[in-house]
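All residue numbers for the sequence shown refer to our numbering, where the first residue is 2 and numbers rise by one. Note that the Cβ used here is the ideal one computed from N, Cα and C, for glycine as well. These numbers come from a predicted model, not from an experiment. Everything below concerns the one structure shown next.
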Amino acid sequence: MTDFCDKAREAEHEMRTLFPVTPLQRNDHLSARFEADIWLKREDLSPVRSYKIRGAFTAMRKVLADTPEQTLFICASAGNHAQGVAFVCRHFGVKGVIFMPVTTPQQKISKTRIFGGDAIEIRLVGDYFDDTLGAAKAYCNDKGGHFLSPFDDADVIEGQASVAVEMLEQLGRSPDVVVLPVGGGGLSAGITKCLAEYAPKTALRYVEPAGGASLKAALAVGHPVSLSRVDTFVDGAAVARIGDLTFSALKNTVYEDVLTAPEDRICTTILDMLNVEGVVLEPAGALSVDALVDLKELIRGKCVVCVTSGGNFDFERLPEVKERAQRYAGLKKYFILRLPQRPGALRDFLELLGPEDNITRFEYLKKSARNFGSVLIGIETLKAENFNVMFGRLDTAGLAYTDITNDETISEFVI
C-alpha cells in the first residue's frame, strides 16, 4: 500500500504543472443544518469541472514516460472523462480520438472540442454507449493507440487518489468521515486505498444513485455484476457494472456502508446547493452531499469531507430537476380525473382546490364514456399536506381519480 500512496503523492505533485489544487471549503450552511463540521472537496472547480482530469493526466503521463513514441490516445465517453482526456491531450501535444454516442448533447460535444482544440478528433458512433465503446476499442486495436479507460485502469485509479493527498494536506488532520460518490469506482477506489494508510481511523461512506447501484450489487455476490437496468439521470455515475480493478480495492467494504440516493432526492440537493450556496453541481457531483441526510446521526459533531465530484450541469435540464425535486418533496402531483361531461363540472372541480393549489397542466386525454371524460391534471402546492385536504374533498364529492405521480410507466407516456 505504501508504494501506491507514494505514487499517488507523485501524481499529485506532477499534476501541478497542469492545474492548481482544487479548494477544500468549509460549508457553513451544511454544517449548521447537520450539526457537524462539513467540508467540500471541490472537484467541480477543476479546469474541466470534474476530477476526471486527474486520472487522464496520470495515465497519459506514465504512458508517455515509458513509451514516448506513443502519440495516439483513444477513449469512449459522453461526459467528464472525454473532457478530461481532451484537456490532457492538448497539454501533452498528442493526438486524441474521442468516441461519443450519437445521442450525446451538443453542449458536451462542444465543451470537449473546446478543451481539446486541434489535438483531438471527436467521432459520434452508436446510439448506446456499449456500441460506442466497442467502436473505440476496435479503432484502438486497428491503429495501435492507447485506450484510456474512465475508471478501470491502475494508473487512472492512482491519479484519482491524488484527491485524498490534497484533502489531507489542506485539512491538516484526518477527518472523522469521508463521503464518496461511486460510479465505476475509480475515485472511490483510489481514495480508499490512500486513506487506508494515511488516515486509517477515518470512516468511509459510499453513495451510489439508486438506479445504478453497481457497487452494492457486486458486494452482495462478491464480484462485479451487470445491472439489468440503469436509470441514466445521474449520468456521471450511472454505471451498469463496477470495474474489476476498482472492485478489488473496494471488495472489503461493509455492505451497509454503501448508501443509495434516490434520483428525485438528488434533485432537491442540486437546487438547494444552487439556490442557497450558488454552487453548481451535476447530479453525480451532488451525490455525497445528498447522502448527508441518511448520515445525520453518524456525522453529528464530527468533521466530515464530501467530495463534490463534478459541476458539468446543463442548465437545459433545470426544469426537469425542479420538477423531480417538487415531486420528491410532495409539492407536485399528477393525477387522472374522471370528470362528468356536463356544464359546470369543471367549475365544481376548481372549487375543490385550496388557495395554495395551482394547476400547472390540464389536458383531456379521451372520452372514456358518453357522460365522462378522462383529464390529466398537474397541480403544484406550497405544502405537501395540502394534497391530503384536496384528495379528501375529491373523495367527498364522489369524483374518481388516480394518482400517477410515481407510476413510471404511465407518467412516461402522459407527463
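| Check | Outcome |
| --- | --- |
| Entirely enclosed beta strand (DSSP E) segments - the region 259-295, minimum 3 residues | 259-262 |
| Cα-Cα separation between V178 and K303, rounded to whole angstroms | 8 Å |
| For R124, the residue or residues it bridges with in DSSP | F100 |
| Those runs of the beta strand (DSSP E) which lie wholly inside the region 60-109 and span at least 3 residues | 73-77 and 96-101 |
| Sufficient close CB pairs (3 or more, under 8 Å) joining the region 28-41 to the region 290-309 | yes |
| S150 (DSSP reduced to helix, strand or coil) | coil |
| As assigned by DSSP and simplified to three states, the class of A239 | coil |
| Cβ pair V157, G311 closer than 8 Å | no |
| Cβ contact (3+ pairs, closer than 8 Å) linking the region 351-361 and the region 386-404 | yes |
| Integer-rounded CB distance, given that L288 should sit under 8 Å from A425 | Lying before the first or after the last residue shown, residue 425 is absent from the chain, which here runs from 2 to 416. |
| From L188, R91, L46 and G146, residue whose alpha carbon lies closest to that of L73 | G146 |
| Candidates S47, R27, L41 and C6, of which the one nearest L17 by Cα | Sequence check: residue 17 is Arg here, not Leu. Among S47, R27, L41 and C6, the Cα nearest to that of R17 belongs to S47. |
| 6 Å CB neighbourhood of R27 in its chain, flanking five on each side removed | W40 |
| Same chain, Cβ closer than 6 Å to T59, neighbours up to 5 away in sequence not counted | A12, D156, E159 and G160 |
| Sub-8 Å separation of V322 and I380 beta-carbons | no |
| S375 - DSSP class collapsed to helix/strand/coil | strand |
| Residue closest to K109, alpha-carbon to alpha-carbon, out of R91, N81 and V95 | N81 |
| Selected residue, minimal CA-CA separation from R124, among R348, P225 and A79 | A79 |
| Neighbour-count burial assignment, F130, 16 or more Cβ in a 10 Å radius | buried |
| Residue burial classification, F234 (beta-carbon count within 10 angstroms, cutoff 16) | buried |
| Distance, D358 Cα to P24 Cα | 43 Å |
| Among T406, N276, L275 and V89, the one whose alpha carbon lies nearest that of E324 | T406 |
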